Amino acid sequence: MTLSRQDRPEVTAADVEDMTPEQLARLAHDLDDVEVIHNQRKWPVPGTRAEKRAERAVALWFALSALSGLAFVLAFIFWPYEYRSPFEKGYTAYALYTPIIGATFGLAVTAMGVGMVVYVKKFFPDDVSVQQRHDGASDEVARKTVLAQLAEAGQDTTLARRSMIKRSAGAAMGIFGLGLGIAAVAPLVRNPWKGGDQAALWVTPWAPVDGETVYLRRDTGILGEVSLVRPEDLAAGSLETVFPFREEERGDEEALLHAQRASDASVMLIRLRPDLEVLKRSGQEDFNYGDFYAYSKICTHLGCPASLYEQQTSRLLCPCHQSQFLVTQYARPVFGPATRALPQLPIAVNDEGYFVARSDFIEPVGPAFWERRP
Amino acid sequence: MSPTPSPEPAPNGREGWLYQLTGMAPTMTTPSPQKSTMRPRSQLQRRVASAIALGLGLLTAGGLYTAFAPQPQVALAQGDGALIAAGQELFDSHCISCHGPNLQGVQDRGPSLIGVGDAAVYFQVSSGRMPLARQEAQAQRKPPIPQFDPHTEQGQANLDALSAFVQANGGGPTRPPATGVDLRGDNPARGGELFRLNCAGCHNFTGTGIALSSGKAAPTLDPANESQIYTAMLSGPQSMPKFSDRQLTPEEKQDIIAYVKSVTDGNNNPGGNGLGGIGPTAEGVIAFVIGLSVMIGFALWMGARS
C-alpha cells in the first residue's frame, strides 16, 4: 500500500542513527511516495563466470573507446594533413587523414556509449517502481509563509520604498537590453536604396567612374594579372566570362579581386557563329559588336549564374531552376521560371582593339524587386 | 617605217603600245630626227630592240606579280600523302554515309567536316562518339570501335590517318603533340580556378557533368584522357563552346587538365566515397537515410528488454 503525505512516517534523528543503509534507502522511497513493486538483481549469486564475462564485455567497450580516443588525438596531431595531389608521393596518407580522424573519433564516442548501454543492460536490476503523483498547489501554510518571507526581505533591504533606485536600475537594465536587441536585429537591416539613382540596386561595377574607360577583362586565375579581351581571342561559338576593369585599378589586387567577386559584375561575352539569324531587342540594336554579344551572367529569376551555354542551340541555361535564355533573340527566356531577358551590356572595340563597355547596363541586373519597372 | 618626227611616242605606231607598257623613253628605240647624221637603223636592229624591250617588260610584270599576288585561298592537301590516302579509305568506309563523300555533310544526318580539324576528329572518334550509334539528342561516349581504339597501336595509327585526311580538307585546330601525363600542367590550383570559372557551370566542380536542355547533357570527365579533354576545349564538340588558344592559352588548358585529373575518377575523395560528387544533396540524403536508420537502430536496442 502507498503512504499519503499525511501518514508519512515520522522519523527522528535518533531513528536514522540506528538504521542500516538498506533501511535508509527504503525510507527514501517512502518519503518520496515510491513503492518498489519488483526488484530482481541481475547477478543474485556474485562471482559467477557469466558475471565476469559480462563485466569484461563492458570493460572491453570502454577500453576500445579509450584506445580510439588516443588514436584520434595522435592522428589529429601527427598525421600528414597538407594537400598532396593524387600524382604526388604521400597522397595515400593525405587522402586517409579525414577518414582516420573521423573513424577514430566516431569509434571513441560510439564505443563509450555502447559500453554504458551494455553496462546498464547487463548489471542494472530489473526494477519496477511506482511513485504517487500529487496534484494541486503547495499547501496553504507553505504559500503564505513564502510570500511573507519575500515581503520581509523587501522591507529589510529597504528596496520596497527606494523608488529612485528601482527606476534607475530598471532604466539601466532596460536600455542595455534594448541595445542587445538592436545589435541582434541591426545586421539584418540593409538599405539597398541608399544613394538614390546610384543605389547598389540600380548600378553595377560596369558604371564608368570619372569618365574612365571600362574594359572587358578575363580572369586568368592569377591574382593581379590584367588580361584584356580582343575580338580575335574568341572563336566563333565561344563564351568568355569577363569582368569590368579600369586603368586606375591596375596593380591594385584588392580592387581587381573586388571587380571579379562583385555579385552583379559577371558578364558573358559570347561570339555567335556568323551564320545565325539574330533578333535584337528594340532600342538595343547597337549593343553588340558584330557577332559579339555581352549579357549579364546573373539569372533574372533568382540570381544564379546562368552560364550553361549550348553553342549549337545558342541557349543559356540556369542550373538552379532550369530557366533557358535564347541568345539569338536578345537572351529572352524561352523555358523555366525566369520572366525577363538577361540584361545586355553595350560593348564596342576601342582604337587599340580592346573590348570596352560603352556604358553600364541600362536596366538592373539579377532578380526583380518591387521598385523595378518591368 | 620612217622615224617619227615628234619625241612623243606614236599612239598608233607599231611600237606605241610597247612604249606605254614598258614606260621606256621613245628616244631609246627610235633615233631622234635631230641626229639625222646617224644612219637609220635597219629593220633587224629595230626588231631585236623591240624583242628585248618586250622581254624586259614581261619579266618585270611577272616579277611584280610574283612579289605582290596573294597566296591562293584554296585548301591544299598537305602532309604525308600516304597517310592521307589511308585516312580517306577509313573515311570512306566509316564516315561517308553521314558526312558525305567530300566531307560536306548530309542533310539531317551529319554536319560538314570541312575546317573542323584534326582535334575534333581525335575527340569524337577516340572517345567512341563517332561513328554514331543512332540519331539522338547528342552523341554518347561509348567504347571506340576496334579500328579506332586509341589503346592499340593500329587504332592509334588509324586515328592519325583519319585525322590527317580531315585536316587536309580545310584545316582547323590540331591536337597538341604531347599526350598523357605530359599534357598535365604544373599548377592544378590555377587550373581549378579556371575550371570553376569556365567549365564547372556544366561539368560541375568535380567534373561529374549535368543535364542540359532537351535530352542533352554535359558528360562526366572521369573516362576522358588528357588529349580528349584538350581537344574538346579546342574544338567545342556538340553543345560545348570552343576555347581557342587565345582565350585559354595552352598552358592554361594544361593546368585545367591537371586539375580535372586530380579530382575525377575517384581521386581526391577524402571521405572514401565521393557519393557521386554532386554536392550537398546526395550527402544530405545519405546522412538522413543511413544516419537516421542507425540512430533508430540504437534507440531500439537500448529500449529492448535484455
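For the protein sequence lines, the chains are A and B, in the order given. Start counting the first sequence at 1; every next residue gets the next number (our numbering). Start counting the second sequence at 375; every next residue gets the next number (our numbering). No residue lacks a Cβ here, since even glycine has one placed at the ideal position from N, Cα and C. Being a predicted model, the structure only gives us computed values, none of them experimental.
Looking only at C-alpha atoms, which of the options sits nearest to residue i?
i             : options                    : result
residue 631/B : 609/B, 555/B, 429/B, 482/B : 555/B
residue 360/A : 354/A, 370/A, 371/A, 348/A : 348/A
residue 343/A : 312/A, 20/A, 125/A, 299/A  : 299/A
residue 288/A : 310/A, 327/A, 71/A         : 327/A
residue 241/A : 193/A, 217/A, 225/A        : 217/A
residue 205/A : 80/A, 112/A, 102/A, 262/A  : 262/A
residue 36/A  : 11/A, 47/A, 131/A, 93/A    : 131/A
residue 106/A : 86/A, 69/A, 92/A, 83/A     : 69/A
residue 74/A  : 371/A, 351/A, 110/A, 97/A  : 97/A
residue 626/B : 248/A, 366/A, 221/A, 169/A : 221/A
residue 500/B : 520/B, 508/B, 484/B, 488/B : 520/B
residue 352/A : 314/A, 230/A, 189/A        : 230/A
residue 531/B : 640/B, 650/B, 461/B, 586/B : 461/B
Between which two residues does the beta strand (DSSP E) carrying residue i extend?
i             : result
residue 22/A  : No beta strand (DSSP E) contains residue 22/A, which is instead part of the alpha helix (DSSP H) from 21-31.
residue 239/A : 238-245
residue 333/A : 332-335
residue 324/A : 324-326
residue 292/A : 292-296
residue 178/A : Taken as a continuous stretch (DSSP letters only), residue 178/A belongs to no beta strand (DSSP E), being part of the alpha helix (DSSP H) at 163-185.
residue 504/B : Unbroken run through residue 504/B: none, as it is neither H nor E.
residue 340/A : Note, residue 340/A: premise wrong, no beta strand (DSSP E); not H, not E.
In the DSSP output, what is residue i paired with across the bridge?
i             : result
residue 39/A  : 127/A
residue 267/A : 242/A, 296/A
residue 591/B : 585/B
residue 355/A : 349/A
residue 305/A : 298/A
residue 228/A : 217/A
residue 310/A : 315/A
residue 198/A : None; residue 198/A has no bridge partner.
Taking C-beta pairs closer than 9 Å, name the residues in chain B that residue i reaches, listed in chain order.
i             : result
residue 117/A : 672, 675, 676
residue 238/A : 610, 615, 616, 617, 618, 621
For residue i, decide whether its Cβ has a neighbour in chain C, counting only Cβ atoms nearer than 7 Å.
i            : result
residue 14/A : The structure shown contains no chain C; its protein chains are A and B.
In chain A, which residues lie less than 8 Å from residue i when you measure between Cβ atoms?
i             : result
residue 509/B : By Cβ distance, chain A contributes nothing, its closest Cβ being about 14 Å from residue 509/B, past 8 Å.
residue 614/B : 311
residue 465/B : Within 8 Å Cβ-Cβ: nothing; residue 465/B doesn't reach chain A, min ~23 Å.
residue 567/B : 219, 221
residue 536/B : Neighbours of residue 536/B on chain A: none; closest Cβ ~23 Å, over 8 Å.
residue 641/B : 86
residue 562/B : 85
residue 571/B : 219, 221, 241
Cβ closer than 7 Å: which chain B residues qualify as neighbours of residue i?
i            : result
residue 56/A : None at all; the shortest Cβ gap to chain B is about 17 Å.
For residue i, which residues of its own chain have a beta-carbon under 6 Å away from its beta-carbon, when the five flanking residues on both sides are left out?
i             : result
residue 211/A : none
residue 504/B : 498
residue 293/A : 270
residue 318/A : 299, 304, 306
residue 243/A : 217, 259, 260, 265
residue 551/B : none
residue 273/A : 236, 237
residue 363/A : 343
List the residues of chain A that residue i touches, going by C-beta distances under 9 Å, in chain order.
i             : result
residue 590/B : 310, 312, 313
residue 636/B : 85, 86, 87
residue 626/B : 220, 221
Could you please give the first and the last residue of the uninterrupted alpha helix (DSSP H) stretch that includes residue i?
i             : result
residue 427/B : 417-442
residue 317/A : Here residue 317/A belongs to no alpha helix (DSSP H); instead the beta strand (DSSP E) covers 315-317.
residue 564/B : 562-572
residue 604/B : 600-609
residue 321/A : No alpha helix (DSSP H) holds residue 321/A; DSSP gives it neither H nor E.
residue 676/B : 666-677
residue 633/B : 624-637
residue 479/B : No alpha helix (DSSP H) holds residue 479/B; DSSP gives it neither H nor E.
List the residues of chain A that residue i touches, going by C-beta distances under 7 Å, in chain order.
i             : result
residue 586/B : 308, 310, 317
residue 520/B : Under the 7 Å cutoff, chain A gives no residues; its nearest Cβ is about 30 Å from residue 520/B.
residue 576/B : 308
For residue i, collect the residues of the same chain with a Cβ closer than 8 Å to its Cβ; drop the 5 residues on either side in sequence, then sort them by chain order.
i             : result
residue 480/B : 471, 472, 473, 474
residue 558/B : 600, 628, 631, 632, 635
residue 94/A  : 80, 81, 82, 83, 84
residue 290/A : 231
residue 654/B : none
Interface residues of chain B around residue i at Cβ under 8 Å?
i             : result
residue 235/A : 610, 616, 617, 618, 621
residue 95/A  : 642, 643, 644
Excluding five sequence neighbours on each side, which residues of the same chain lie with their C-beta closer than 7 Å to the C-beta of residue i?
i             : result
residue 373/A : none
residue 511/B : 588, 589, 590
residue 44/A  : none
For the ligand HEM, is there any heavy atom lying closer than 6 Å to the beta carbon of residue i?
i             : result
residue 468/B : As far as ligands go, the structure on display features none, and thus does not contain the ligand HEM.
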